[in-house]
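Colleague: Chains as they are written, first to last, in this note's numbering: chain A, 1 to 341; chain B, 1001 to 1341; chain C, 2001 to 2341.
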């Protein structure tokens, strides 16, 4: 049976624990000293948007597993694929590899790709919706340090469009972490997601003061996207959303960031013992090795629910881009995961 | 002895049969289960024009043979190679690999590359001239289904600029297939090629009605290139050149297309049993594995004729781009393959 | 201990001899017949500027050593990395591979990269400063032919901005070669470098007549960069800086060029026995195999001196791009290698 990894929702707590456990094994050994084998398999990267970290860490993981890679970068893709539907491109691309990682600006694109291709698909980011493998990498970095995942975590910055924090919040809630959302009022965590998480029995708070994160075990910082706000609105918040050494140097609060950063973490933080953002990069390779290993060997089970036919009102949903019906699961669009009412 | 694959003209019928036979063997086994070896060889892709399918399927084929790949995409090439002559680039590139696939907008560019480099060269498309490996892949898909190649085949769409149909028509004629050319009058199959094919003893017809293809074993569809016609001319033909489910659903006519498609095959066709365009993609990998295997192992023989010196009048011919004499073989330019009188 | 290769200054004469000796071994054997192993290591190419030769020859060398590669091309990089500091990108990238080759427009960028990353770094060109591996490749081509390196060498063309000639002149001086600099007066070899070389006890001359190179063992030609001169100044020199067959066909002077060439070597020279520019390309692969082998196996020692803190006045120096202090070694900036007074 083929397994895809499209949304953090597809995983149960013990699936995630299995991934993190295997990642720990991969991390603790020298890649050169042992000969891991994924059987001459080929990982394909199908990226319609710029990426450095996600693409390269998947490639590095595949190469360190003894596998091979092919693909094309985002700049090429825009010119090469011009005029071809996403669905045709996916069907085509799936014949060149054994496992594919897809990044595309439309929400739900990865889910559609998994239905169209006979090989396993991993979501490398579908618009502002999900980025499940980043969330798994982040959980791993936290667990390596804190040895547990039922913590108090602050998620800060752009919580509206940041797909990484969407996936991460869902995963943390699964493990019982309380969450403090810190953002400007214009970039609040989506309310439908907040409700969903609150129903999982954890404590959820909102604030717009970054210093409140001092009481948390983890401060997960993201970039405030200047281009999505008025100049005036940006001027008002930009200085409230910088992690300063003076505030966090004597703290146990882990400082994390998915990178790239602009100015939201002072460079003076970089050498402090609680700065974790470059460790996150390093940890991303063993986590993705574990994912590839489990998926290619059919050892990762994902939940699948009952669905019925419908229309999705979200214009950024891939079902509208491709002019097709959606599937509705528990009142949500199966593709973009937005509630339908 | 080094072997190149530049034009479908270089191959005899039994060479093609050898390629198709080996491709069938590669197709029927699981790539993971056996360890094929091309001896740590490196395949280089030198692409001056956009490509997804040709480049990726060659790369996939090489990786599945246990080999390695390097190269650069078209977007980079335009900036990287700026100002350097094609001939210098080819000589340089040939030192980095053991086999190269070349795509370049000038007709005859691949032939020139094969003369300049000490390693085997495969033509991945030289302007509107030849695309021999695509033709071999298409033959394979047809033979897998029909078990023979002396059929009745309709080639439809842009028959003037479509290099794929040029190579394919020549190959089909070699196997005795009758050919029905269906195109708008402005995009007719080149008359010099049509005569050449007719002289091979097959029946050649022309038409502008797509429905005539219903009587054929295969309908090979290509994109009508809107940008090469007047708006008015395009409006007139665009609806005549769409393969519709209502016309072809109860038919044994295989529907093929080199992809990407725009609107010339209705999506409703995709799941019909006679739709073959995604099978073509899948089949392209074992065919290219067979080609790489035969070429790297020196098992593919190509015909070489006597030539004399001359000047080619075709301005798109690489000999004019590089300001050099051509070689004339049987009244044709050896490079762009156009008749000289 | 980790070894970097950042500047030709880091190498002693016997280090260079070790590289050239190992390169000769790699050159003399068939890559396919022996199974060299660098232990499943991954070479990463981090290129912020266009490159064909440097990137591809490193990739080819790594693949021929049994290793693997990843990276991204220059076009992508500009969009992907937008807004991220060089230092963050380097730290990130270093977690994906075991050895990295860096090309960046700022002088001293490779030195900074070597300090920030835990893996070995090779300088693939840092602005107009250094290109040490190209110099080693060039030395190898010369030694293969002349069997010695204490020669008389003419360096011609753009000697001001050409990083290749900077590194090469330093290396030749180390081996006792006398040097004749031939350039337009506006593109003279930098005086601080000329003095440094002259102090090594070799004879240094300057001229603006290319024919003076006839008495030399080697003429190393580079492109006159039209875009860096006035139209008038260019018109004046352009015809003086073309290597013509009539001048060099009966000569033992080796004609070399790092490529790409525009018009500074007539194509009629290409088949002469003293033309070496395509041999340089071929030789670059075994030299880079030797470098990778020595560096990954910790066998290349580089000199490290004492440094003190300071400010670098060179605005193209990476220390100014990154707003940081420099380190001063023997009156020079450790990064961009310019004298500080």
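No residue lacks a Cβ here, since even glycine has one placed at the ideal position from N, Cα and C.
If you check the beta carbons only, do residue 158/A and residue 222/A fall under 7 Å apart?
Modeller: In this structure, residue 158/A places its C-beta atom within 7 Å of the C-beta atom of residue 222/A.
Colleague: If we count the other Cβ atoms within 10 Å of its Cβ and call it buried at 16 or more, is residue 1298/B buried or exposed?
Modeller: Taking every protein chain shown into account, the CB of residue 1298/B has fewer than 16 other CB atoms within 10 angstroms, so this residue is exposed.
Colleague: I want to know whether the region 156-172 of chain A touches the region 47-55 of chain A - three or more CB-CB distances under 8 Å.
Modeller: no
Colleague: Return yes when at least one heavy atom of the ligand ADP lies under 6 Å from the C-beta of residue 245/A, else no.
Modeller: The ligand ADP is absent from the structure shown, which contains no ligands of any kind.
Colleague: Does DSSP put residue 2008/C in a helix, in a strand, or in coil?
Modeller: helix
Colleague: Of all the CB atoms in chain B, is at least one closer than 7 Å to the CB of residue 2260/C?
Modeller: Output row for residue 2260/C: interface = yes.
Colleague: Pull out every residue of the region 237-271 of chain A whose Cβ sits closer than 9 Å to any Cβ of chain C, in chain order.
Modeller: 259, 260, 261, 262, 267, 270
Colleague: Are any of the Cβ atoms in chain B nearer than 7 Å to that of residue 91/A?
Modeller: yes
Colleague: Run through chain B and tell me which residues come within less than 7 Å of residue 95/A, C-beta to C-beta.
Modeller: 1281, 1282, 1285
Colleague: Leaving out five residues on either side along the sequence, give the residues of the same chain with a beta carbon under 6 Å from the beta carbon of residue 1080/B.
Modeller: In this prediction, residue 1080/B has a pLDDT of 49, which is less than 50 and means its spatial position is unreliable; nothing more can be read from the coordinates.
Colleague: For a contact defined as C-beta to C-beta under 7 Å, what are the partners of residue 2083/C on chain A?
Modeller: 260, 262
Colleague: Which residue wins for smallest C-alpha separation from residue 2329/C, given the options 2172/C, 2339/C, 2321/C?
Modeller: 2339/C
Colleague: Would you say residue 1296/B faces chain A, with C-beta separation under 7 Å as the test?
Modeller: no
Colleague: From the DSSP output, read off the bridge partner residues of residue 1044/B.
Modeller: Within the DSSP bridge table, the entry for residue 1044/B names 1070/B, 1100/B as partners.
Colleague: Apply the 10 Å Cβ neighbour rule to residue 201/A and answer buried if 16 or more other Cβ atoms are within range, or exposed otherwise.
Modeller: Counting Cβ neighbours within 10 Å, residue 201/A comes out exposed, since fewer than 16 surround it.
Colleague: Please tell me whether residue 2070/C has its Cβ less than 7 Å away from any Cβ of chain A.
Modeller: The beta carbon of residue 2070/C falls within 7 Å of a beta carbon belonging to chain A, placing the residue at that interface.
Colleague: Would you please verify whether the beta carbon of residue 338/A is less than 7 Å from any beta carbon of chain B?
Modeller: no
Colleague: By the criterion of Cβ-Cβ separation under 7 Å, what are the contact partners of residue 2063/C in chain B?
Modeller: 1042, 1068, 1070
Colleague: Measuring straight from C-alpha to C-alpha, what distance separates residue 363/A and residue 2083/C?
Modeller: The requested residue 363/A does not occur in the structure, where chain A is confined to residues 1 to 341.
Colleague: Check the Cβ-Cβ distances between residue 2308/C and every residue of chain B, and say whether any is below 7 Å.
Modeller: no
Colleague: What residue from 193/A, 267/A, 313/A has the CA that sits closest to residue 9/A's CA?
Modeller: 193/A
Colleague: Can you list the residues of chain C that residue 1088/B reaches, using a CB-CB cut of under 8 Å?
Modeller: Using a Cβ-Cβ cut-off of 8 Å, residue 1088/B is close to 2259, 2260, 2261 of chain C, given in chain order.
Colleague: Which partner residues of residue 333/A appear in the DSSP bridge assignment?
Modeller: According to DSSP, residue 333/A bridges with 328/A.
Colleague: Give the residues of chain C in contact with residue 278/A, contact being defined as C-beta atoms less than 8 Å apart.
Modeller: 2091, 2092, 2095
Colleague: Does chain A have any CB closer than 7 Å to the CB of residue 2006/C?
Modeller: no
Colleague: From the DSSP output, in three-state form, read off residue 1080/B for me.
Modeller: Legend: pLDDT at residue 1080/B = 49, less than 50; position of this residue unreliable, no value from coordinates given.
Colleague: Under 7 Å between the Cβ atoms of residue 96/A and residue 289/A?
Modeller: no
Colleague: What are the boundary residues of the beta strand (DSSP E) that includes residue 254/A?
Modeller: 254-256
Colleague: Tell me where the beta strand (DSSP E) around residue 1056/B begins and ends.
Modeller: Note, residue 1056/B: premise wrong, no beta strand (DSSP E); alpha helix (DSSP H) at 1053-1064.
Colleague: Within 10 angstroms of its Cβ, does residue 13/A collect 16 or more other Cβ (buried), or is it exposed?
Modeller: exposed
Colleague: Out of 88/A, 120/A, 21/A, 61/A, state which residue places its alpha-carbon closest to the alpha-carbon of residue 148/A.
Modeller: 21/A
Colleague: State the CB to CB distance for the pair residue 1112/B and residue 1087/B, rounded to an integer number of angstroms; the pair is presumed to be in contact (CB under 8 Å).
Modeller: 7 Å
Colleague: Since residue 7/A and residue 337/A are thought to touch, with beta carbons under 8 Å apart, how far apart are those beta carbons, to the nearest angstrom?
Modeller: Between residue 337/A and residue 7/A the Cβ distance is about 6 Å, and since that is below 8 Å, they are a contact.
Colleague: For residue 1320/B, count the other beta carbons within 10 Å of its own beta carbon; 16 or more makes it buried, fewer makes it exposed. Which is it?
Modeller: buried
Colleague: Where are the beta strand (DSSP E) runs, 3 residues long or more, that stay fully inside the region 2180-2213 of chain C, in chain order?
Modeller: 2204-2207
Colleague: Which same chain residues, not among the five before or five after residue 205/A, have their C-beta less than 6 Å away from its C-beta?
Modeller: 180
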